[in-house]
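Participant: Letter by letter, the sequence shown follows residues 7 to 301 of the working numbering.
Cβ coordinates follow ideal geometry from the N, Cα and C atoms, glycine included.
These figures come from a predicted structure and were not determined experimentally.
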Amino acid sequence: MFPWLDGTFKKLSNRIAADKLHHALLIQGPSGLGKSNFALELAQLLLCKARKGDEVCGFCQSCLLNAANNHPDLHVVESDKQIGVDQIRDAIKTLVSSAHMSGAKVLIIYHAHTMTESSANALLKTLEEPTANTFLLLTTDKPERILPTIRSRCEKLALPLPDLDTTIAWVKTQYDAEIDINFAKLFSARPLALFAELQEEQSFTYETYSTGLESLLQGKTSATQLAMDWQDNADKVLKWTQYWARQQCTEQLSETLWQLNLQATKVIRQLRNPGVNKTLVLTALLDKLALVKAA
Ligand SMILES: [Zn+2]
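1. What first and last residue would you give for the beta strand (DSSP E) that runs through Leu80?
2. Who are Leu48's beta bridge partners in DSSP?
3. Return the Cβ separation of Leu288 and Gln237 in integer angstroms, given the expectation that the two are a contact with Cβ distance under 8 Å.
4. Enumerate in chain order the residues of its own chain whose CB-to-CB distance from Leu53 is below 7 Å, with the five nearest sequence positions on each side excluded.
5. Suppose contacts are defined by Cβ-Cβ distances below 7 Å. Is Ala45 in contact with Thr132 by that definition?
6. Within 8 Å, do at least three Cβ pairs link the region 152-169 to the region 177-186?
7. With C-beta atoms as the reference, is Leu163 less than 7 Å away from Tyr249?
8. For Ile156 and Thr100, what's the separation of their Cα atoms in angstroms?
9. Per DSSP, Glu61 is paired with what?
10. Please classify Arg57 as buried or exposed, where buried requires at least 16 other C-beta atoms within 10 Å of its C-beta.
11. Using a Cβ-Cβ cutoff of less than 6 Å, which residues in the same chain neighbour Thr227 once the five nearest sequence positions on both sides are dropped?
12. Does His106 pass the burial test, meaning 16 or more other C-beta atoms within 10 Å, or should it be called exposed?
13. Could you check what DSSP says for Ile33 in three-state terms: helix, strand or coil?
14. Among all residues, which have a Cβ less than 7 Å from at least one non-hydrogen atom of ligand 3, and in what chain order do they fall?
15. Bridge partners for Lys162 per DSSP, in chain order?
16. Could you check whether the region 245-264 touches the region 275-283, counting it as contact only if at least three pairs of C-beta atoms, one from each stretch, sit closer than 8 Å?
17. To which residues of the same chain is Gln3 closer than 8 Å at the C-beta, ignoring the five residues directly before and after it?
18. Using a Cβ-Cβ cutoff of less than 6 Å, which residues in the same chain neighbour Leu32 once the five nearest sequence positions on both sides are dropped?
19. In chain order, what residues of the same chain have a beta carbon less than 7 Å from the beta carbon of Gln269, not counting five sequence neighbours either side?
20. Please report the Cβ distance between Thr172 and Pro9, rounded to the nearest whole angstrom; I am assuming they are in contact, meaning their Cβ atoms lie under 8 Å.
21. What separation, rounded to the nearest whole angstrom, lies between the Cα atoms of Leu286 and Lys245?
22. Counting pairs of beta carbons, one from the region 12-25 and one from the region 120-135, are three or more of them closer than 8 Å?
23. So the candidates are Glu61, Gly38 and Leu39; which of them puts its Cα closest to the Cα of Ala49?
24. Let's test the definition: count the other Cβ atoms within 10 Å of the Cβ of Ile114 and tell me whether it reaches 16, buried, or not, exposed.
25. Just checking my contact of Asn239 with Phe201 at CB under 8 Å: how many whole Å lie between their CB atoms?
26. What residue does the alpha helix (DSSP H) around Leu101 start on, and which one ends it?
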């Protein structure tokens, strides 16, 4: 388990041992925190026939099936965009049929906020009338988008966020290179997101971005020039700008910073439209960013 989630995981394992785990957990936290791994490891712990505290035995039939990603009593629902009602109905049907392994049964729903209203309603009955030894683990980074009827029937579990040092320490165990601290700050509570971004970052680096902004602030280059140079990497420029504004807001809430975040969000949407003039919208955003940074 990730070090920042270890304590929470141990507490839950104690409740499993005492047979006091709520039948439905709504696991909440920002994306890149490790919610999916957390839910999966919790499911595997519930299914293990010979668990020791917060650890699975690794040798029982359940553990072997889990290792092969093939446990008949572990059901997973997920979707890139939207979880449809048929997905939920199918999952519930297999879930309520008797356990194949005469033990716990677990249904994980990743990105639970992407359930449609009918999907959520299809899930309600199972939440209201849980069958014995059946557990529902829902994960979400947008709990406010989940129907109140669902939320109220789950135990809400807001996972703890790691501080910057913990984030960097963990990423360093995965990634063997220098990590720019200012870049890491953009992802401070989202270690997995930082790691993914570091792996992805190649030609257009955070250094390119911060050096460019520095030149802009010193008047050595113009926002238009940067926008032209960076338009092929607009997605990174926007994302990093947005994260920077948000991160600054956590240190000191400011109207201008929040506006910058909103503008970045808007431009990200605009750029999905193929007809939009990338240089123009990027220039406007960089001008705004320079103003905020200079203030
Ligand atoms: Zn086991």
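Facilitator: Quick answer:
1. As a working note, residue 80 is residue 74 in the sequence shown. From DSSP, the beta strand (DSSP E) with Leu80 extends over Leu80 to Val83.
2. In the sequence shown, residue 48 corresponds to position 42, counting from 1. Per DSSP, none; premise fails for Leu48.
3. Position 282 of the sequence shown, counted from the start, is the residue given in the question as residue 288. Position 231 of the sequence shown, counted from the start, is the residue given in the question as residue 237. The pair is a contact, with the Cβ atoms about 6 Å apart (cut-off 8 Å).
4. Stepping through the sequence shown from its first residue, residue 53 is reached at position 47. Excluding positions up to five away in sequence, the list reads Ser68, Asn72, His77, Asp79, Leu80, Gly109, Ala110 and Val112.
5. The count along the sequence shown starts at 1 and reaches residue 45 at position 39. The count along the sequence shown starts at 1 and reaches residue 132 at position 126. Judged by their CB atoms, Ala45 and Thr132 are not nearer to each other than the 7 Å cut-off.
6. Taking 8 Å as the limit for Cβ pairs, the verdict is that the region 152-169 does not touch the region 177-186.
7. Along the sequence shown, read from residue 1 onward, the residue named residue 163 stands at position 157. Along the sequence shown, read from residue 1 onward, the residue named residue 249 stands at position 243. The answer is no: Cβ separation not under 7 Å.
8. Against the sequence shown, residue 156 aligns to sequence position 150. Against the sequence shown, residue 100 aligns to sequence position 94. Spanning the two alpha carbons is a distance of roughly 20 Å.
9. Reading the sequence shown from its first residue, position 55 is the one you call residue 61. Glu61 is bridged to Lys58.
10. The residue you call residue 57 lines up with position 51 of the sequence shown. With 16 or more other Cβ atoms inside 10 Å of its own Cβ, Arg57 counts as buried.
11. Along the sequence shown, one-based indexing puts residue 227 at 221. These residues qualify, in order along the chain: Ser221.
12. Indexing the sequence shown from 1 puts residue 106 at position 100. So His106 ends up on the exposed side.
13. Locating residue 33 in the sequence shown gives position 27, counting from the first residue. In the structure shown, Ile33 sits in a strand (DSSP, three-state: E or B).
14. As far as ligands go, the structure on display features ligand 1 and does not contain ligand 3.
15. On the sequence shown, residue 162 is found 156 positions in, with the first residue counted as 1. Per DSSP, the beta-bridge partners of Lys162 are Leu32.
16. The way I'd put it, the region 245-264 doesn't touch the region 275-283; fewer than three beta-carbon pairs between them come closer than 8 Å.
17. Beyond the ends of the chain as shown, which are 7 and 301, falls residue 3; an answer cannot be given.
18. Position 26 of the sequence shown, counting from 1, holds the residue named residue 32. The beta carbon of Leu32 is closer than 6 Å to those of Leu144, Cys160 and Lys162 in its chain, skipping five residues each way along the sequence.
19. Looking up residue 269 in the sequence shown gives position 263. The beta carbon of Gln269 is closer than 7 Å to those of Leu291 and Lys294 in its chain, skipping five residues each way along the sequence.
20. For the purposes of this step, residue 172 is taken as the residue at position 166 of the sequence shown. For the purposes of this step, residue 9 is taken as the residue at position 3 of the sequence shown. Confirmed, about 6 Å.
21. In the sequence shown, residue 286 corresponds to position 280, counting from 1. In the sequence shown, residue 245 corresponds to position 239, counting from 1. Each residue's alpha carbon lies about 17 Å from the other.
22. No, they do not touch.
23. What you label residue 49 is simply residue 43 of the sequence shown in a count that begins at 1. The option with the nearest alpha carbon to Ala49 is Glu61.
24. To locate residue 114, count along the sequence shown from 1; it is residue 108. Ile114 counts as buried, since at least 16 other C-beta atoms from the protein chains shown sit within 10 angstroms of its C-beta.
25. For the purposes of this step, residue 239 is identified with residue 233 of the sequence shown, where counting begins at 1. For the purposes of this step, residue 201 is identified with residue 195 of the sequence shown, where counting begins at 1. The C-beta distance from Asn239 to Phe201 rounds to 20 Å, too long to meet the 8 Å contact threshold.
26. Along the sequence shown, read from residue 1 onward, the residue named residue 101 stands at position 95. Val91 to Val102 is the span of the alpha helix (DSSP H), which, as asked, contains Leu101.
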